[in-house]
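Chains as they are written, first to last, in this note's numbering: chain A, 2 to 568; chain B, 2 to 568.
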C-alpha cells in the first residue's frame, strides 16, 4: 500500500553504485543550468532573485518522494512564472514582502489544489484544455514573456498589461536606452542564440565526444553569466547605469507557514486553479514524452500528488509556484539521470549555490537574465502550429487563434477561459449536427448505403436513416428536426428505421428525444423502429420503458428490418 | 424570399370561410382561459394585473406574422414570469413604475437576443440545456412558484429568496391567516383541482359532446373568477381583509419605446439571455409536439424570430417577457385552431377584455389568482422524472438533481448554470474514458472480438486496440495512457494497430495525441498502424502530415492488418 503513494519504493531497492554515479553527473549539469534559470524566472515573476533558488530546492526533494516520473525536473518555469506575475500583480501590492507573501500563498494553494485533484483522481479536468488551446496559450505566453524582457535588455522601464501596452511603453521610452546595458544584453542574446546551434559542433571539433559536447553546450547560460559579471565588475559599469541583481541574501530558506488571510486566499484561488491546470498539463506531457523513450510509465494522478507536494514544499520554503519544465527535464534525461535521486542531488547543488555563490552574483546584469529568458521562451512560440491547425481543422484553428489573441490582449486567464469555452462550444456545434444519411439496399446484398451516393433499392413505405454519432443532449433536438423534415416530405411512408451502428451512447436527453420522435411519428401514422443498436446501448435502453413504448421493433441488422418492412 | 421570413404567406393564400370559423371558435375559448391566466402571471412576476393583459395582445399579433408554428399560443407563462420576478426583484427597486420599466426592458432585451439568435441561426445554443436540466429546472420552478403563492392563499405576507426562506416566513406568519381569504382561495383551489378530472364527465352527463365538454372544462378558471368575485362583492369581504385586485386601468396599452439606461440594460442582459434560452426551449418543444400531430413542421430558427418579435411587441406595449405556453397552446390546438390567425383573434379578444371587462374585476380576490397559478404549475412538477432518470443514467440524474437543488436554494439562474456546467462536465467525463477493447481474431473468420470475452487468436508480435468513440480533446490523453500501459505490459510487441470503426471525428488534439503515440511507440521500438478508418476521418487525416510520419500503415480492414502483421 505504501508503494502506491510513495513511488520511490519502486526504485530505492535496486539503487546501486552505477545509478548513483549516473544520477550525480546529471545533477551537476542540471544544477549549472538551473542557477541562472532560477534567478531569471524569479525576476519574470516579479520576485527577488533568491526566491528562484528557494523554489528550486524543496520542490525537487518533494517530487523525488512523490512523483511518478523518473526523470522529470521540477522547479520554476517560464509560463507559470508569467502566470504568477499576472495573478499577484493584479492585487496591486506595492510592498515587496507582501508581494512575496502573495506568491507563496499562490504556491500553497496550487499545491493544495493539485494534491486534492490527485487524491480525488480529477486529472481528467486537464482534458478541458485541448491541444490547440494549450499550444495557443503557450505561444502567446512566450510572446508576452519575450516582450516583457525587452525593457531589461534595453535598460529602460516599460511595463504594460498586454502586448500592445508593453510595446507602446517600450517605443516611448526608447530614447532612454542604456547602451552599455544593450551591449551586454544583446551580446548575451547573440551568444545564447548561437550556442543553441553552434556550440556543440565547436566543442566536438575541440575533441569532445558528441554526447558530452551536447550536454556541455547546455551550460552556455552559465558562461554568459560568468562573462557578463566579469565585464560589469571590471568596467565598473554599475556606475554607467547597468542594472545588476545586487545583494542576494546568502543561506538556505527558513521554513515558514504561509500567512492565512482569507481575503488574500480568495483573491488568489481562481488563479491558483489555472496555474495548477496549466502546470499539470505541461508537466505530464513532458513526463510522458521522456518515459516513453525508456518504455516507462507515468501515472497522471500520482503526478498530481507529486506536483502538489512540490508546490507545498515551495510554499514552505518561501518560494513560488513550480512545475515540471521541458528544457530542464530533457537535460536531466540526456545527462543520464536514472532515478528521481538525480533531482535530490540537484536540490543539494542549488542549496550549495544559495549558501556560497550568491555574493559572486552581485554584479550579474539583469540584461543577461533577460537574454536567458528570451532565448528560453522563443522555443515555446510555435506559429507553425497555427498553419498546421488551420489546414487540419477550421474549428480547432479558431479556438487556437482566440486563445492567442485573448491571451495577448486580455491576459493569461481570460485567454484560457476564452479558449476552453470556444473549444467546448465548437465541439458541441460539431456534434450537434451529426452526419446522417438516408440509406437504401445495395441490390442483391445485405449492405445498405447512402441513397444520394449509391445506386440502391428503396421502398415507398420504409425510410431508413443511419446516424453516425453518439446521441446526446447537443444533437438530440437536431435528430428530431431531421426526422420530422424527412417524414413531412414523404407522406406515403409507413415505417421509419433509425440505424445506429456508430451510436456509442444515448443519454437521457436523447432518450427523451427518441420517445418524442416515437410519439410524434405515431401521431403522424408512422411506426418507429431501430436497427443495429450496440450491446451496451441496448442494455441501457432496457433500463427505461422506451422499448415498451416503441411502436415498432428493434432489429439486429438493417437487413432484417428491410425483409420485415420493406416489401 | 419574403415568404422565408414571413411564414404567414404560406397560409394566407389558402385562407377561407372554414378556417376562419375554426380559428374564431378557438380564439373565443383561448381568450376566456387567458384572461385570469394573464392577470395571475403578472401577479407572479410582481407586476400590476393589467400588464398581464398588455403582454397578451401585441405578442400574439407579432407571432402570427413571424412564427412558424400554426397553433402555438404566445404570452405570459409561469416559469418565465418567475424568472422575470427573480431578475427584476434582484435590482431592489421599490418604485412600482421603475419595476415595470425594468420588466419592459427585460422583454425588449429578450426579444433582441432571440431575434439575433434567429438571424445568426444560433438556435443550437439551446442544445446546452439538456433534457434533465430543463426538466429539473421546470420542476424546481414549479415548486418555487407554488410556494410563493401560498401567502396569497392564506392572506398573509411571506416572501423569501429560496424555498426554505419562503416556507419559514409562511410558518412564522401563519397565525395571521385570514380565514375568509383561505376559504375563498381553498375553495377555488379545490374546485380547480376537481375540474381537471371531474368537470368533463359532469358536462358529458349533462349532454355535451365529449369533445366540447373537454374544451368547456378548460374555462373552469373563469368560473372560479366569476364566482369568487360575486362572493366578495356580495359579502363585502374586502372589509374583512380579503385582498382583491382592485382598480385595473381600462383601455389598451399605449405604444412606448422602453427607456434606455445603459446600467439597467447591463444588469438585465444576462437574465434576458437565460429567459430567452429557457423560453425558446420550452416553446419549441410545445410547437414540435403540436406540429407533429398534423404532420406539420416548425423551423427552430424561424421560431426564434417569431418569439423575438413577440417579446419586442410585448416591450413596446409595456408588457413583460413572453413565450409559447404549453397549456394555452394545447387548448388552442384542441379547440380547432387551423392557422396563426387564431392568435390574432385571441389578441382581439384580450383587447376587448382590457377595454371593457376590467371594472368587473375590481373584486377579484388575489387568492383566486393564486389558486389558478398553483393548479397550473403543479402539472409542471414531475418528480417521477427523477426516478426514471435515476434508473436510466446516474450521471444525467446528478445533473437533474443539482439543477433542482440549486434552483430551490440559490434561485433560477444559478440553478441553470449549475445544471449546464454539470452536464457538460459529465459528458466530458463519460467520453473521456471511452470504451475500448484489445481484440483478437475469431478463428477462421475475418471478424475480431474482445480477447477478454471471446475465444480468439492473438499474435505475440501484434496488439490491436479497438476504440469505440470519436477521438477529441476530452479523451485524447486517455488514449495515450491506455496505449502506453498496454505496451509496457507486453515488451515483445512489435506492431500496434488502432482499430477505428466507430471513430466519427479526430480533432486536432486527438491528432497530436496520435502523433505523440506514433513517436513514443517508435522510441519504444513499436510500429504504429491504423485500421478501418472511416472515409471522412481519413480525408481529414490527409490534410495533415500525420500519414507521412506514421511508422506503420493504414489498413482498410482489420483482417488485412492481421494478415500483414500477425503471422
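From the three backbone atoms N, C-alpha and C, an ideal C-beta is built for every residue, glycine too.
Near residue i, what residues of its chain come up, given a Cβ to Cβ distance below 6 angstroms and the 5 sequence neighbours on each side ignored?
i: residue 441 of chain A; result: 452, 457, 458, 459
i: residue 381 of chain A; result: 139, 143
i: residue 53 of chain B; result: 39, 40, 42, 43, 77
i: residue 280 of chain B; result: 81, 324
List the DSSP bridge partners of residue i.
i: residue 500 of chain A; result: A:467, A:532
i: residue 507 of chain B; result: B:472
i: residue 282 of chain B; result: Partner(s): none; residue 282 of chain B has no beta bridge.
i: residue 439 of chain B; result: B:466
i: residue 76 of chain A; result: A:324
i: residue 555 of chain A; result: A:531
i: residue 366 of chain A; result: A:245
i: residue 458 of chain A; result: A:442
Taking CB distances under 8 angstroms as the criterion, tell me whether residue i reaches chain A.
i: residue 428 of chain B; result: yes
i: residue 335 of chain B; result: no
i: residue 443 of chain B; result: no
i: residue 491 of chain B; result: no
i: residue 99 of chain B; result: no
i: residue 553 of chain B; result: no
i: residue 329 of chain B; result: no
i: residue 431 of chain B; result: yes
i: residue 240 of chain B; result: no
i: residue 470 of chain B; result: yes
Does any residue of chain B have a CB that is nearer than 8 angstroms to the CB of residue i?
i: residue 2 of chain A; result: Note on residue 2 of chain A: pLDDT 47, under 50, position unreliable in the model; no value is reported.
i: residue 481 of chain A; result: yes
i: residue 462 of chain A; result: no
i: residue 294 of chain A; result: yes
i: residue 558 of chain A; result: no
i: residue 545 of chain A; result: yes
i: residue 366 of chain A; result: no
i: residue 310 of chain A; result: no
i: residue 399 of chain A; result: no
i: residue 301 of chain A; result: yes
i: residue 389 of chain A; result: yes
i: residue 71 of chain A; result: no
i: residue 179 of chain A; result: no
Between residue i and residue j, which are expected to be in contact by the criterion C-beta below 8 angstroms, what is the C-beta distance as a whole number of angstroms?
i: residue 412 of chain B; j: residue 87 of chain B; result: 6 angstroms
i: residue 110 of chain A; j: residue 305 of chain A; result: Residue 110 of chain A to residue 305 of chain A, Cβ: 14 angstroms. No contact.
i: residue 545 of chain B; j: residue 100 of chain A; result: Rounded, the Cβ-Cβ distance is 45 angstroms, inconsistent with contact.
Here's a check: name, in chain order, each residue in its chain whose Cβ is nearer than 7 angstroms to the Cβ of residue i, leaving out the five neighbours to either side.
i: residue 253 of chain A; result: 352, 355, 356
i: residue 461 of chain A; result: 493
i: residue 249 of chain A; result: 50, 51, 359, 362
i: residue 218 of chain A; result: 196, 200, 201, 204
Within the same chain, show all residues whose beta-carbon is closer than 8 angstroms to that of residue i, passing over the 5 residues directly before and after it, in chain order.
i: residue 162 of chain B; result: 412
i: residue 282 of chain A; result: 127, 130, 135
i: residue 519 of chain A; result: 529, 547, 550, 551, 552
i: residue 2 of chain A; result: Residue placement at residue 2 of chain A is flagged as unreliable, the pLDDT there being 47, under the threshold of 50; a coordinate-derived value is accordingly withheld.
i: residue 243 of chain B; result: 156, 179, 181, 182, 185, 233, 366, 368
The alpha helix (DSSP H) spanning residue i covers which residue range?
i: residue 312 of chain B; result: 301-317
i: residue 450 of chain B; result: Careful: residue 450 of chain B lies outside any alpha helix (DSSP H), inside the beta strand (DSSP E) at 449-451.
i: residue 545 of chain A; result: Neither: residue 545 of chain A is in no alpha helix (DSSP H) and is coded neither H nor E.
i: residue 44 of chain B; result: 18-45
i: residue 181 of chain A; result: 180-195
i: residue 113 of chain A; result: 97-120
i: residue 404 of chain A; result: 395-411
i: residue 139 of chain B; result: 132-155
Give me the chain D residues within the contact set of residue i, using Cβ-Cβ distance strictly less than 9 angstroms, ordered along the chain.
i: residue 132 of chain A; result: The question asks about chain D, but that chain is absent: this structure's protein chains are A and B.
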